[in-house]
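**Student:** So that we are looking at the same thing, I have put the structure below in structure tokens.
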Amino acid sequence: MKRFCLALCLILLCACLPAAAEEMPQIPKFREVSVHDPSIIKAEDGYYYIYGSHMAAARSQDLIRWEQISRDAQAGCTLFTDVQQELKEALTYARTNTFWAPDVQQLADGRYYYYYCTCEGSSPLSTLGVAVSDKPEGPYEDLGIFLRSGMGGYNASVYPNVVDPHTFFDKEGKLWMVYGSYSGGIYILQMDPNTGFPLEGQNYGKKLLGMNHSRIEGPYILYSPDTDYYYLFLSFGGLNAADGYNIRVCRSKNPDGPYVDALGQEMIRCGGRPGTFFNDADYVGYGVKLMGGYKFAASATDKNKIAMAYRSPGHNSAIYDEETGRYFIVFHTRFANSGEAHSIRVHRMYMNQEGWPVVSPLRYAGEPDGPVAEEARSGLYKVLMHERDINGVEHVSKEATLLPDGTVTGAYTGSWVCEDGTNLTITLDGVAYKGVMHTACDLSQSSWSTCFTALDETGAALWGIRVAVQP
């Protein structure tokens, strides 16, 4: 009888739990890897592969547990049989012994094309070439260099530094490559989908933005079938922990532009003035800033008094999953009190009501889709404003309460509405933000939490995480 009563009590207790609580998966155990400037591809073998600078690479089946498959260009590179010898021409030209951010694309012949680049760093003396393999993990065989920069007669204020490639297919099936870092800006080339090389007669291609040594790099273009826009992601600032790396985006109806930001500013105008060098003030006002350095401060009711902080997140790639309709953003980040050590992060990405991507404040942990239950929407939140700056110091969250009556009190005041449990409009101190409310994993508290991510009309991001233990 006692066992029967206990079982009955458990059944009744489970019946009282909200549906969302029953459906949430267990919090996973992450396996971390270090891949700087990660570029992602989903291969035919079912794995997601990321490739980064210095010949680092990793793979995962779930975007959570990663396996390092290649480490660096000097020792532990498995992507080539003998990378120092096979790509000696590129290394010699650039006067270096390592490689910068690569990209991999599968073409119609089923093979994988590895776009590599070399650059010493103190000058735009660089190469960009391609190698090929039957398998995403290699070994790759070099097909040759097709772009060089920094030679005699080259103007580094006008022409691109030929690094940081990303190849992609547009909605018509045409192959493109966007590339560039600092120097004369970001350029785009149309590519031959049969050979993997640029179509003839383009020189460096078409300029999209940047000039006069603007600190803008890491271009990546993603097409959204939901909005019919091409999104050009960029990293502004410097990549070191204190140098303010941050992720921005602009969009266009065409793969080769013109690209504009949320203010309607044409990105072709984004860049430094003639005669300037690393003059961030000239272009900091361009682009939709999705994230920069930030810290979610611990709340008084948190079980674990742990602050979550990223420093200089950047050089991202992104992927759209056709089967699930989900978007993911992949980037590297540094951390507080960790020097220049870095790790990759994968976050969910959503499209807001204005057709702009917004990024979840918490890393992806396998959370399911679906609206947030009404009782889980209101409450005390850690609210973080990213601002449209290049911030070497983290922006820190403040606390505000989203009340059930649709008002906001605390460090910020205003109103909010999220009638369907997904689409959110929140107005704080007179500024309206549009975005998405969703559930994600707050690892600092070992719990699933309600979050929101939104943008204002200027392209500034607002994030919120509901405090796990409500006061």
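Counting with our numbering, you get residues 1316 to 1786 for the letters of the sequence shown. We put the beta carbon where it would ideally sit given N, CA and C, even for glycine.
Indicate whether Thr1675 and Thr1648 have their beta-carbon atoms separated by less than 8 Å.
**Tutor:** Counting from 1 along the sequence shown, the entry for residue 1675 is found at position 360. Counting from 1 along the sequence shown, the entry for residue 1648 is found at position 333. Reading the sequence as shown, one finds Ser at residue 1675 and not Thr. Against a cut-off of 8 Å, the Cβ pair of Thr1648 and Ser1675 comes out as no contact.
**Student:** Taking the beta strand (DSSP E) that Tyr1545 falls in, what are its first and last residues?
**Tutor:** Stepping through the sequence shown from its first residue, residue 1545 is reached at position 230. Note, Tyr1545: beta strand (DSSP E), Tyr1544 to Phe1551.
**Student:** Mind checking who Asp1757 pairs with in its DSSP beta bridge?
**Tutor:** Taking the sequence shown and counting its residues from 1, the one referred to as residue 1757 is at position 442. Answer by DSSP bridge pairing, in chain order: Ser1762.
**Student:** If I follow the unbroken alpha helix (DSSP H) through Leu1406, where does it start and stop?
**Tutor:** Counted from its first residue, the sequence shown places residue 1406 at position 91. First-last of the alpha helix (DSSP H) with Leu1406: Lys1403 to Ala1409.
**Student:** How is Met1623 classed by DSSP in three states: helix, strand or coil?
**Tutor:** Within the sequence shown, numbered from 1, the residue matching residue 1623 stands at position 308. Strand at Met1623.
**Student:** Three-state secondary structure (DSSP) at Ala1769?
**Tutor:** Translated into positions along the sequence shown, residue 1769 becomes position 454. Of the three classes helix, strand and coil, the one that applies to Ala1769 here is strand, per DSSP.
**Student:** Name the residue from Ile1379, Leu1402 and Gly1425 whose alpha carbon lies nearest to the alpha carbon of Leu1443.
**Tutor:** Here residue 1443 refers to the residue found at position 128 of the sequence shown. That would be Leu1402, whose Cα lies nearest to the Cα of Leu1443.
**Student:** Quick check on Leu1578: buried or exposed, where buried means 16 or more other Cβ atoms within 10 Å of its Cβ?
**Tutor:** As a first step, residue 1578 is located in the sequence shown; it is residue number 263 there, counting from the start. Flag for Leu1578 reads exposed.
**Student:** So the beta strand (DSSP E) Glu1338 belongs to, where does it begin and stop?
**Tutor:** Translated into positions along the sequence shown, residue 1338 becomes position 23. First-last for Glu1338: Ala1334 to Glu1338, but that is the alpha helix (DSSP H), not the beta strand (DSSP E).
**Student:** Return the bridge partner residues of Thr1432 from the DSSP annotation.
**Tutor:** For this step, residue 1432 is matched to residue 117 along the sequence shown. Thr is not the amino acid found at residue 1432; the sequence shown has Cys there. DSSP, once it has assigned bridges, lists Leu1443 as partnering Cys1432.
**Student:** When you compare only the Cα positions, how much space is there between Met1623 and Lys1610?
**Tutor:** Here residue 1623 is taken as the residue at index 308 of the sequence shown, counted from 1. Here residue 1610 is taken as the residue at index 295 of the sequence shown, counted from 1. Spanning the two alpha carbons is a distance of roughly 5 Å.
**Student:** Report the option in Ser1496, Val1564 and Phe1484 whose CA atom is closest to the CA atom of Ser1437.
**Tutor:** Counted from its first residue, the sequence shown places residue 1437 at position 122. Answer by Cα proximity: Ser1496.
**Student:** Apply the 10 Å Cβ neighbour rule to Leu1328 and answer buried if 16 or more other Cβ atoms are within range, or exposed otherwise.
**Tutor:** For the purposes of this step, residue 1328 is taken as residue 13 along the sequence shown, with counting starting at 1. With a pLDDT of 37 at Leu1328, under the threshold of 50, the predicted position of this residue should be treated as unreliable, though the coordinate-derived value follows. It counts as exposed.
**Student:** Within the same chain, show all residues whose beta-carbon is closer than 8 Å to that of Gly1500, passing over the 5 residues directly before and after it, in chain order.
**Tutor:** For the purposes of this step, residue 1500 is taken as residue 185 along the sequence shown, with counting starting at 1. Excluding sequence neighbours, Gly1500 sits near Pro1475, Lys1522, Leu1523, Leu1524, Gly1525, Met1526, Ser1529, Ile1531 and Gly1586.
**Student:** Are the beta-carbon atoms belonging to Lys1697 and Ser1614 less than 8 Å from one another?
**Tutor:** The sequence position of residue 1697 within the sequence shown is 382, counting from 1. The sequence position of residue 1614 within the sequence shown is 299, counting from 1. Yes.
**Student:** Are any of the Cβ atoms in chain B nearer than 8 Å to that of Trp1778?
**Tutor:** Looking at the structure shown, chain B is missing, and only one protein chain is on hand.
**Student:** If I follow the unbroken beta strand (DSSP E) through Ile1365, where does it start and stop?
**Tutor:** If you number the sequence shown from 1, residue 1365 lands on position 50. Start and end: Tyr1363 to Tyr1366.
**Student:** Which residue marks the beginning of the beta strand (DSSP E) containing Gly1533, and which one marks its end?
**Tutor:** Working through the sequence shown from its first residue, we reach residue 1533 at position 218. Start and end: Ile1531 to Ser1539.
**Student:** Are Ala1371 and Asp1360 touching if we call contact CB-CB under 8 Å?
**Tutor:** The residue labelled residue 1371 in the question sits at position 56 within the sequence shown. The residue labelled residue 1360 in the question sits at position 45 within the sequence shown. For Ala1371 and Asp1360, no; Cβs fall outside 8 Å.
**Student:** Should the segment 1475-1490 be called in touch with the segment 1445-1464, which here means at least 3 C-beta pairs below 8 Å?
**Tutor:** Yes, the segment 1475-1490 touches the segment 1445-1464.
**Student:** Have a look at Trp1791 and Gly1572 and give me their C-alpha separation to the nearest angstrom.
**Tutor:** Nothing can be reported for residue 1791, as the shown portion of the chain is limited to 1316 through 1786.
**Student:** Which stretch, first to last residue, makes up the beta strand (DSSP E) that contains His1355?
**Tutor:** One-based indexing of the sequence shown puts residue 1355 at position 40. As written in the sequence, residue 1355 is Ile, which differs from the His given in the question. Start and end: Ser1354 to Lys1357.
**Student:** Work out the CA separation of Arg1703 and Ala1775 for me, nearest whole Å.
**Tutor:** Position 460 of the sequence shown, counted from the start, is the residue given in the question as residue 1775. Position 388 of the sequence shown, counted from the start, is the residue given in the question as residue 1703. The straight-line gap from Cα to Cα measures roughly 6 Å.
**Student:** So is Asn1518 buried or exposed if we call it buried at 16+ other beta carbons inside 10 Å?
**Tutor:** Numbered from its first residue, the sequence shown carries residue 1518 at position 203. Exposed is the call here.
**Student:** Less than 8 Å between the C-beta atoms of Phe1551 and Gly1602, yes or no?
**Tutor:** Mapped onto the sequence shown, residue 1551 falls at position 236. Mapped onto the sequence shown, residue 1602 falls at position 287. Result yes, Cβ atoms of Phe1551 and Gly1602 sit closer than 8 Å.
**Student:** Using a threshold of 8 Å, state whether the C-beta atoms of Phe1646 and Asn1631 are closer than that.
**Tutor:** Taking the sequence shown and counting its residues from 1, the one referred to as residue 1646 is at position 331. Taking the sequence shown and counting its residues from 1, the one referred to as residue 1631 is at position 316. Cβ atoms of Phe1646 and Asn1631: closer than 8 Å.
**Student:** Out of Glu1669, Leu1422, Trp1778 and Val1447, which one is the CA nearest neighbour of Phe1395?
**Tutor:** Locating residue 1395 in the sequence shown gives position 80, where the first residue counts as 1. Out of Glu1669, Leu1422, Trp1778 and Val1447, Val1447 has the C-alpha closest to the C-alpha of Phe1395.
**Student:** Which value, in whole angstroms, describes the spacing of the CA atoms of Glu1337 and Pro1683?
**Tutor:** Counting from 1 along the sequence shown, the entry for residue 1337 is found at position 22. Counting from 1 along the sequence shown, the entry for residue 1683 is found at position 368. Caution is warranted here: a pLDDT of 46 is assigned to Glu1337, below 50, making its placement in the model unreliable, and no coordinate value can be reported.
**Student:** With DSSP as the reference, identify every bridge partner of His1662, one or two as the case may be.
**Tutor:** Here residue 1662 corresponds to residue number 347 of the sequence shown, with the count starting at 1. Looking at the DSSP assignment, His1662 forms a beta bridge with Ile1644 and Arg1678.
**Student:** Identify, in the order they occur along the chain, each residue of the same chain with its Cβ nearer than 7 Å to the Cβ of Ala1373, setting aside the five sequence neighbours on each side.
**Tutor:** Looking up residue 1373 in the sequence shown gives position 58. Here the set comprises Val1348, Val1350, Ile1365, Trp1381, Glu1382, Gln1383 and Ile1384.
**Student:** Can Gly1607 and His1701 be called in contact, C-beta distance under 8 Å?
**Tutor:** For the purposes of this step, residue 1607 is identified with residue 292 of the sequence shown, where counting begins at 1. For the purposes of this step, residue 1701 is identified with residue 386 of the sequence shown, where counting begins at 1. Yes, Cβ-Cβ distance for Gly1607 and His1701 is below 8 Å.
**Student:** Is the beta carbon of Val1751 sitting closer than 8 Å to the one on Leu1739?
**Tutor:** The residue labelled residue 1751 in the question sits at position 436 within the sequence shown. The residue labelled residue 1739 in the question sits at position 424 within the sequence shown. It is a contact, given that the beta carbons lie within the stated cut-off.
**Student:** Starting from His1481, follow the beta strand (DSSP E) in both directions and report where the run begins and ends.
**Tutor:** Working through the sequence shown from its first residue, we reach residue 1481 at position 166. Note, His1481: beta strand (DSSP E), His1481 to Phe1484.
**Student:** Enumerate in chain order the residues of its own chain whose CB-to-CB distance from Val1419 is below 6 Å, with the five nearest sequence positions on each side excluded.
**Tutor:** Here the question's residue 1419 lines up with position 104 in the sequence shown. Excluding sequence neighbours, Val1419 sits near Ile1356, Tyr1366, Tyr1427 and Tyr1429.
**Student:** Which residue comes first and which comes last in the beta strand (DSSP E) that contains Phe1461?
**Tutor:** As a working note, residue 1461 is residue 146 in the sequence shown. Unbroken beta strand (DSSP E) run through Phe1461: Glu1456 to Ser1464.
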